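Engineer: Every position in the sequence shown, counted from 1, becomes a number in the numbering used here once 1 is added.
A virtual CB, placed ideally from N, CA and C, is assigned to each residue, including glycine.
Only a predicted model underlies this, so the values are computations on that prediction, with no experimental measurement involved.
I am attaching a structure below and will ask some questions about it afterwards.
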Amino acid sequence: MKKIIGIFLVIAVVIFTACEEVPGPMGPPGMDGESFIGSVFEIGGDFSNSNNYELFYEFPGNFEIYETDVVLVYILWEQVTGSNNENLDVWRALPQTLVLNEGILQYNFDYTLADVKIFLDGDFDFNMLLPAEKDDQIFRIVVFPANYAENNSVDINNLNSVMEFLDIDFNSVQKIDF
């Protein structure tokens, strides 16, 4: 009896391993290597008494941010003239601290999984600020996975380095004005 079962098992293995189906169509090509999403948002606005010297940006409903993501904010600090007489933007990572005659002023931010708040912090009355220090301020908010922030080849204090690393074109940045 054991010989008969053994013979049937051998025959079953040969039959099932010898069968071959007709291959289906090729699937779409996949991504090479790791794929990740880095996003950049540009916001502009005025710091004033009416908004408590805060700019508040709520991430779009279709945008998902994870607990492990890194959120960085940069301020457009100034524009300088390049060697070809073109305007070049100078971006600085927040927080940025200024020592003014009135006292110490800091541009800073905090964030949740739903929003980013950019605010002024200091030790004096912000009504004393000059328009250049509070009006028409432009910020870039960058969100990307934490494991990319650990990469030694990217300087997270340099917006150009981060944008290049994330392969995001400056012209494709979503701009929002308050």
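1. With a CB to CB cut of under 8 Å and the five nearest residues on each side skipped, what residues in its chain are close to D189?
2. Could you pull out every residue in the same chain whose Cβ sits closer than 6 Å to the Cβ of G34, ignoring the five residues on either side in sequence?
3. Using the C-alpha atoms, what's the distance from W92 back to V81?
4. Classify L131: buried if its beta carbon has 16 or more other beta carbons within 10 angstroms, exposed otherwise.
5. What do you get for M164, buried or exposed, if any count of 16 or more other CB atoms within 10 angstroms of its CB means buried?
6. Express the C-alpha separation of E151 and D124 in angstroms, rounding to a whole number.
7. Pick out whichever of N148, D170 and E103 has its Cα sitting closest to the Cα of F71.
8. Grouping DSSP H, G and I as helix and E and B as strand, with all else coil, what is E43?
9. Could you tell me whether any non-hydrogen atom of the ligand MG is closer than 8 Å to the CB of G45?
10. If you count every other CB in all the chains shown that lies within 10 Å of the CB of V100, and 16 or more means buried, which is it?
11. Where does G62 land, buried or exposed, given buried means 16+ other C-beta within 10 angstroms?
Structural biologist: Result, derived from the coordinates:
1. Outside the shown range of the chain, which is 2 to 179, sits residue 189, and nothing can be said about it.
2. Here residue 34 corresponds to residue number 33 of the sequence shown, with the count starting at 1. Only weak support exists for where G34 lies, its pLDDT of 49 falling under 50; the value from the coordinates is given anyway. So the list is empty, once near-sequence residues are dropped.
3. On the sequence shown, residue 81 is found 80 positions in, with the first residue counted as 1. On the sequence shown, residue 92 is found 91 positions in, with the first residue counted as 1. Cα to Cα, V81 sits roughly 11 Å from W92.
4. Sequence index remark: in the sequence shown, residue 131 carries index 130 (1-based). Its Cβ having fewer than 16 others within 10 Å, L131 is exposed.
5. For the purposes of this step, residue 164 is taken as the residue at position 163 of the sequence shown. The residue in question, M164, is buried, as its Cβ has 16 or more Cβ neighbours within 10 Å.
6. Numbered from its first residue, the sequence shown carries residue 124 at position 123. Numbered from its first residue, the sequence shown carries residue 151 at position 150. When rounded, the distance between both Cα atoms is 34 Å.
7. Translated into positions along the sequence shown, residue 71 becomes position 70. In the sequence as presented, Phe is not what sits at residue 71; that position holds Val. It is N148 whose Cα lies nearest to the Cα of V71.
8. Taking the first residue of the sequence shown as 1, we reach residue 43 at position 42. Note: E43 maps to strand in three-state DSSP.
9. This structure lacks the ligand MG; in fact it carries no ligand of any kind.
10. Within the sequence shown, residue 100 is the residue found at index 99, counting from 1. V100 is exposed by the Cβ-count criterion.
11. Taking the first residue of the sequence shown as position 1, residue 62 is located at position 61. By the neighbour-count rule (16 or more Cβ atoms within 10 Å), G62 is not buried but exposed.
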